[in-house]
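Chains as they are written, first to last, in our numbering: chain C, 6 to 234; chain X, 240 to 561.
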């Protein structure tokens, strides 16, 4: 599903953010990326959804070479990738429902189908009673669940999460982790960048540790039910 | 990339992807308009500020235009005084009058041709010297010349056209002298050109200021919503899909601002400027200022719409690079 071949990326000439990364993540895998701040976790994720182009090497998503995509092709790639962030990136002026429906509006779904699918997804997240609230009136955990609903509503092939629990307490962390696991069970490949040890211990299947832009360690705890690589 | 076994599609996935009625821009126009209307509702403060700015900016420009158009009209009226007089040293018979009148009227530029007989000339002379009638003692009509007074067409009141007309007139035999107040015509046209130049400079300055203010206001409002652009790009929206509602919003803001400006201008005009002519008593004959011609009103509304559209387009270019 995800392949990186000798990928290097330098924001500036002499300071490389990623250095010669070789990585293969199979369909249906659940992977944690960890490492200290500045190790290159976020940069790696940004490469995967086409927000950055590598200075050297190839990034393949589902067989497509992201590093060679034209700007017009990137949106199409992103329709099969859900992304969540530490700061949720919800639109403050729109309701929970509208925040989630954006994903399907972009795909051109009809209004009735959007309504059904969004309600279904929000129900899975336990957010169905808050569809008409704006994000400011939600707790951090609730906001992250809305962001997850937005990322998962179109059943993406890949879910990328950048420090998704950085702003959350333990109860909320578990909830979020469970949502990741459910998505993974439904067939979505999940990549979570975090340095939250607790999250990794509870959810870890495959752990990749980055440091100074390089992969320094790869561990596999057990073969989960979703893994087929 | 098929090294991994394909999983069966999850049951919750809808079987076919439903679409909106009609693909492409036409089918989605309804969606874009709806989106931009709810954007306006959801960002009401920002929109009120933008529309207010556009309204004030266009109101200033249209007030200036109103004054300028009225000055032009006044100048047109003053230019009625551009008149050429052809003198004859004898009284003309009715036949001569008719043939000369048609010859004069045939010269390009002539509008009205009016014959002034000796008696008429004396009458006017008397009227001018009212109160000093003693000066006219012994003056008989025979010593006064007869004349044709020729008023000029609107387009032929500039110095060159008048001079060309006069030289044409001088070729007609029998005319003893031609007068047309050269100095006055020259001064009047110089003043007119100066007024137009100042008007154009002021107008250009105003338009540049308006463009600057409006485009920066729109830029700030889009900057305030750059998260929205980012999120849209994250969920896979094409550039056009992201831009379209913002552009429609710009058009609505520009159009609404222009219509409001016109409404305010009309209110100002009806309330204050309508009677400004007699109010300022600079010309008791004039019936006050007139409102902008309807073509100008259309042009201002259209330019408001363009202003909103182009302002949004150029601002979006800056922020959509995700």
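No residue lacks a Cβ here, since even glycine has one placed at the ideal position from N, Cα and C.
Residue i (DSSP reduced to helix, strand or coil)
{"i": "residue 549 of chain X", "result": "helix"}
{"i": "residue 102 of chain C", "result": "helix"}
{"i": "residue 92 of chain C", "result": "coil"}
{"i": "residue 149 of chain C", "result": "helix"}
{"i": "residue 28 of chain C", "result": "strand"}
{"i": "residue 39 of chain C", "result": "strand"}
{"i": "residue 21 of chain C", "result": "strand"}
{"i": "residue 555 of chain X", "result": "helix"}
{"i": "residue 61 of chain C", "result": "strand"}
{"i": "residue 76 of chain C", "result": "coil"}
{"i": "residue 474 of chain X", "result": "coil"}
{"i": "residue 371 of chain X", "result": "coil"}
{"i": "residue 159 of chain C", "result": "coil"}
{"i": "residue 523 of chain X", "result": "Annotation note: pLDDT 43 at residue 523 of chain X (below 50); position unreliable, no value reported."}
{"i": "residue 378 of chain X", "result": "coil"}
{"i": "residue 107 of chain C", "result": "helix"}
{"i": "residue 144 of chain C", "result": "coil"}
{"i": "residue 66 of chain C", "result": "strand"}
{"i": "residue 269 of chain X", "result": "helix"}
{"i": "residue 82 of chain C", "result": "helix"}
{"i": "residue 413 of chain X", "result": "coil"}
{"i": "residue 9 of chain C", "result": "strand"}
{"i": "residue 16 of chain C", "result": "strand"}
{"i": "residue 261 of chain X", "result": "Here the model assigns residue 261 of chain X a pLDDT of 47, short of 50, so the residue's position is not dependable and the matter cannot be decided."}
Continuous beta strand (DSSP E) stretch holding residue i: start and end
{"i": "residue 391 of chain X", "result": "385-391"}
{"i": "residue 222 of chain C", "result": "219-225"}
{"i": "residue 351 of chain X", "result": "349-355"}
{"i": "residue 198 of chain C", "result": "194-198"}
{"i": "residue 321 of chain X", "result": "Neither: residue 321 of chain X is in no beta strand (DSSP E) and is coded neither H nor E."}
{"i": "residue 417 of chain X", "result": "416-418"}
{"i": "residue 211 of chain C", "result": "211-216"}
Pick from the options that is closest to residue i, judged by C-alpha positions
{"i": "residue 482 of chain X", "options": "X:551, X:306, X:346, X:273", "result": "X:551"}
{"i": "residue 476 of chain X", "options": "C:113, C:31, C:44", "result": "C:113"}
{"i": "residue 174 of chain C", "options": "C:145, C:157, C:29, C:126", "result": "C:145"}
{"i": "residue 417 of chain X", "options": "X:428, X:497, X:404", "result": "X:404"}
{"i": "residue 317 of chain X", "options": "X:541, X:533, X:424, X:534", "result": "X:424"}
{"i": "residue 330 of chain X", "options": "X:442, X:533, X:381", "result": "X:381"}
{"i": "residue 409 of chain X", "options": "X:303, X:387, X:530, X:428", "result": "X:387"}
{"i": "residue 80 of chain C", "options": "X:394, X:313, X:480", "result": "X:480"}
{"i": "residue 536 of chain X", "options": "X:558, X:549, X:548, X:504", "result": "X:504"}
{"i": "residue 542 of chain X", "options": "X:285, X:500, X:344, X:421", "result": "X:500"}
{"i": "residue 16 of chain C", "options": "C:106, C:91, C:51, C:140", "result": "C:51"}
{"i": "residue 77 of chain C", "options": "X:460, X:529, X:558, X:478", "result": "X:478"}
{"i": "residue 452 of chain X", "options": "X:367, X:366, X:295", "result": "X:295"}
{"i": "residue 271 of chain X", "options": "C:176, C:149, C:110", "result": "C:110"}
{"i": "residue 66 of chain C", "options": "C:9, C:96, C:117", "result": "C:9"}
{"i": "residue 534 of chain X", "options": "X:305, X:356, X:486", "result": "X:305"}
{"i": "residue 548 of chain X", "options": "X:532, X:554, X:509, X:489", "result": "X:489"}
{"i": "residue 35 of chain C", "options": "C:216, C:26, C:205", "result": "C:205"}
{"i": "residue 486 of chain X", "options": "X:267, X:269, X:275", "result": "X:275"}
{"i": "residue 13 of chain C", "options": "C:135, C:58, C:137", "result": "C:58"}
{"i": "residue 528 of chain X", "options": "X:544, X:545, X:510", "result": "X:510"}
Segment limits, alpha helix (DSSP H) that includes residue i
{"i": "residue 485 of chain X", "result": "478-510"}
{"i": "residue 163 of chain C", "result": "That residue, residue 163 of chain C, is in no alpha helix (DSSP H); its beta strand (DSSP E) goes 163-167."}
{"i": "residue 446 of chain X", "result": "421-463"}
{"i": "residue 185 of chain C", "result": "175-190"}
{"i": "residue 340 of chain X", "result": "333-345"}
{"i": "residue 206 of chain C", "result": "202-208"}
{"i": "residue 119 of chain C", "result": "116-129"}
{"i": "residue 47 of chain C", "result": "46-53"}
(message) So if I threshold CB-CB distances at 8 Å, which residues from the segment 136-155 of chain C count as touching chain X?
(response) 155
(message) Taking beta-carbon pairs under 7 Å, can you tell me which members of the segment 275-286 of chain X lie near chain B?
(response) Note that chain B does not occur in the displayed structure, where the protein chains are C and X.
(message) Short of 7 Å Cβ to Cβ, which residues in the segment 473-499 of chain X face chain C?
(response) 473, 474, 475, 476, 477, 480
(message) Any C-beta of chain X within less than 7 Å: which residues of the segment 84-102 of chain C qualify?
(response) 84, 88, 94, 96, 98, 99
(message) Taking beta-carbon pairs under 8 Å, can you tell me which members of the segment 302-328 of chain X lie near chain C?
(response) none
(request) Using a Cβ-Cβ cut-off of less than 9 Å, list which residues of the segment 71-85 of chain C approach chain X; keep chain order. (result) 76, 77, 79, 80, 81, 82, 83, 84, 85
(message) Tell me which residues of the segment 390-405 of chain X have at least one Cβ-Cβ distance to chain C shorter than 9 Å, keeping chain order.
(response) none
(message) Can you pull out the residues from the segment 44-59 of chain C whose beta carbon lies closer than 9 Å to at least one beta carbon of chain X?
(response) 54, 56
(request) Could you list the residues in the segment 442-474 of chain X with a C-beta less than 8 Å from some C-beta on chain C, going in chain order? (result) 466, 467, 469, 470, 471, 472, 473, 474
(request) Closer than 7 Å, Cβ to Cβ, to anything on chain X: give me those residues from the segment 174-196 of chain C, in chain order. (result) 191, 192
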